[in-house]
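What follows is a single structure, written as structure tokens, with notes after it.
Number of protein chains: 2
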Amino acid sequence: MKATPDKPIAVIDTRIAYQNPWLTVREDKTVRMSGAEGIYSVIEVPDSVVIIAVNASKEICLVDSYRHPFEAWFWELPGGGGDGQDPVQAAARELYEEAGITANEGVVLGRLRVCNGLMTEHQVVVLMTDVVVHEHVEREDETRGRKFVSLDDIDAMVARGELGDGQSLSSLYLYKNWLAKQL
Amino acid sequence: MKATPDKPIAVIDTRIAYQNPWLTVREDKTVRMSGAEGIYSVIEVPDSVVIIAVNASKEICLVDSYRHPFEAWFWELPGGGGDGQDPVQAAARELYEEAGITANEGVVLGRLRVCNGLMTEHQVVVLMTDVVVHEHVEREDETRGRKFVSLDDIDAMVARGELGDGQSLSSLYLYKNWLAKQL
Numbered sequence: 001m002k003a004t005p006d007k008p009i010a011v012i013d014t015r016i017a018y019q020n021p022w023l024t025v026r027e028d029k030t031v032r033m034s035g036a037e038g039i040y041s042v043i044e045v046p047d048s049v050v051i052i053a054v055n056a057s058k059e060i061c062l063v064d065s066y067r068h069p070f071e072a073w074f075w076e077l078p079g080g081g082g083d084g085q086d087p088v089q090a091a092a093r094e095l096y097e098e099a100g101i102t103a104n105e106g107v108v109l110g111r112l113r114v115c116n117g118l119m120t121e122h123q124v125v126v127l128m129t130d131v132v133v134h135e136h137v138e139r140e141d142e143t144r145g146r147k148f149v150s151l152d153d154i155d156a157m158v159a160r161g162e163l164g165d166g167q168s169l170s171s172l173y174l175y176k177n178w179l180a181k182q183l
Numbered sequence: 184m185k186a187t188p189d190k191p192i193a194v195i196d197t198r199i200a201y202q203n204p205w206l207t208v209r210e211d212k213t214v215r216m217s218g219a220e221g222i223y224s225v226i227e228v229p230d231s232v233v234i235i236a237v238n239a240s241k242e243i244c245l246v247d248s249y250r251h252p253f254e255a256w257f258w259e260l261p262g263g264g265g266d267g268q269d270p271v272q273a274a275a276r277e278l279y280e281e282a283g284i285t286a287n288e289g290v291v292l293g294r295l296r297v298c299n300g301l302m303t304e305h306q307v308v309v310l311m312t313d314v315v316v317h318e319h320v321e322r323e324d325e326t327r328g329r330k331f332v333s334l335d336d337i338d339a340m341v342a343r344g345e346l347g348d349g350q351s352l353s354s355l356y357l358y359k360n361w362l363a364k365q366l
């Protein structure tokens with residue numbers, strides 16, 4: 001196996017370096033165009049969903065989520081593992097679990113690579129409308145609140161550093177582009 | 184160590200499950216509020232930079248980058264490891280390495296969590312202006328071209344699925360918000 005200009009990182013061996021139920025670390029032994037050997041580890045993670053749930057006032061649902069890597073709570077879009085389901089179905093499940101919200105309409109806005117250089121995960125961005133807000137039965141300790149916020153207020157939160165995860169912002173990028181096409 | 188409503192995932196033990204020069208997989212043994220024990224693995228990755236380099240025509244620099252996790256080439260914003268440097272310095276280095284471009288002005292637009300639920304990495308988004316485009320000496324086999332593209336053309340690329348990494352789109356989200364404040 002030789003590296004070529006089209007495929008400049010050739011894999012000459014590979015092993016599973018670590019695995020748990022949610023991710024696999026695959027360590028590839030590589031060779032570059034120069035002939036240099038090295039390793040490149042790829043985090044294999046299944047596709048996830050990120051949900052933009054919009055109410056009749058055009059406000060977007062945010063959830064207050066505990067993120068263990070930072071040991072902190074953050075407002076962000078609801079989302080979670082796709083679990084191999086159809087993305088709209090997975091989004092409906094996550095939206096109900098995290099925010100107690102159901103929706104009568106769901107459409108996929110796009111599919112983004114979460115962290116290109118390191119992970120295989122795609123986030124499928126699902127817009128859910130015609131929502132019904134139920135009593136919020138918190139099923140997971142890692143969410144503790146929900147609120148509907150206008151896009152302008154979201155941008156104010158971003159400016160204040162209160163909403164700052166790439167997965168929410170890239171999803172909202174697609175939503176703003178979708179909105180611009182509806183006018 | 185007990186889980187509490189404020190910190191619903193308590194860590195009762197931890198180990199380094201895997202490590203290479205670019206990342207560490209830390210496997211935490213956890214206990215939840217219910218008392219259930221489990222594991223939570225966190226990918227520890229240093230901060231990176233993503234660069235929005237804008238020329239005098241208000242076009243943005245994209246680079247054609249090989250991404251080994253997908254074994255494919257994608258147009259995206261330049262970026263890379265921060266290597267512990269000041270973000271503007273790191274951005275200047277990456278921009279020259281990847282695109283042969285230097286810039287006389289650099290400002291940090293924000294700092295985003297790349298993949299909240301899994302990784303510790305922040306991407307620092309750096310806007311670089313007053314750029315000088317040099318002959319493009321490709322120092323890395325994993326980039327093979329650069330181009331300057333207007334925001335409208337970027338959005339057309341996004342719609343066609345030609346630009347679809349979350350790190351670029353979340354960075355461009357911050358840039359559009361910054362632009363809106365300049366008017």
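Protein chains in written order, with this note's numbering: chain Z, 1 to 183; chain E, 184 to 366. C-beta: ideal position from N, C-alpha, C; glycine also.
| Check | Outcome |
| --- | --- |
| For glycine 166 (chain Z), does the three-state DSSP call read helix, strand or coil? | helix |
| Check each candidate in Z:Ser48, Z:Gly80, Z:Glu71 and Z:Ser57 and name the one with the smallest Cα separation from valine 63 (chain Z). | Z:Gly80 |
| What is the C-beta distance between aspartate 47 (chain Z) and histidine 122 (chain Z), in whole angstroms, given that I count them as a contact (C-beta under 8 Å)? | 5 Å |
| When DSSP labels each residue in this structure, what does methionine 340 (chain E) get in the three-state scheme? | helix |
| Three or more C-beta pairs under 8 Å: does that hold for the stretch 85-93 of chain Z against the stretch 11-22 of chain Z? | no |
| Can you list, in chain order, the stretches of the alpha helix (DSSP H) that have 4 or more residues and sit fully within the stretch 190-243 of chain E? | none |
| To the nearest angstrom, how far is the alpha carbon of serine 224 (chain E) from that of methionine 302 (chain E)? | 9 Å |
| With a threshold of 16 other CB atoms inside 10 Å of the CB of glutamine 365 (chain E), please say whether the residue is buried or exposed. | exposed |
| Report yes if the C-beta distance between cysteine 61 (chain Z) and alanine 72 (chain Z) is below 8 Å; otherwise report no. | no |
| Which bits of chain E does arginine 67 (chain Z) rub up against, with CB to CB less than 8 Å? | Arg296, Asn299 and Gly300 |
| Among the candidates Z:Glu76, Z:Ser170 and Z:Asp83, whose CA atom is the shortest distance from the CA of tryptophan 22 (chain Z)? | Z:Asp83 |
| Can you tell which of E:Arg276, E:Gly293 and E:Arg294 has its C-alpha closest to the C-alpha of alanine 286 (chain E)? | E:Arg276 |
| Name, going along the chain, the residues of the stretch 11-40 of chain Z whose beta-carbon falls closer than 8 Å to a beta-carbon of chain E. | Ala17, Tyr18, Asn20, Trp22, Leu23, Val25, Glu27, Asp28, Thr30, Arg32, Met33, Ser34, Ile39 and Tyr40 |
| By the 10 Å Cβ neighbour count, where 16 or more other Cβ atoms means buried, how is arginine 113 (chain Z) classified, buried or exposed? | buried |
| Taking valine 107 (chain Z) as the reference, which of Z:Ser57, Z:Val126, Z:His68 and Z:Asp152 has the closest Cα? | Z:Val126 |
| Show which residues of chain Z have a CB atom less than 7 Å away from the CB atom of proline 229 (chain E). | Ordered by position in chain Z, no residue passes the 7 Å Cβ test against proline 229 (chain E), which lies about 12 Å from the chain. |
| For the alpha helix (DSSP H) that leucine 278 (chain E) lies in, which residues bound it at each end? | 270-282 |
| Among all the DSSP beta bridges, which residues are the ones paired with lysine 187 (chain Z)? | There is simply no residue 187 (chain Z) to check, as chain Z begins at 1 and stops at 183 in what is shown. |
| Counting only beta-carbon atoms, is alanine 53 (chain Z) nearer than 8 Å to chain E? | no |
| Are the beta-carbon atoms of glycine 161 (chain Z) and glutamine 350 (chain E) separated by less than 8 Å? | no |
| Run down chain Z in chain order and give the residues with a C-beta less than 8 Å from the C-beta of valine 307 (chain E). | Ordered by position in chain Z, no residue passes the 8 Å Cβ test against valine 307 (chain E), which lies about 11 Å from the chain. |
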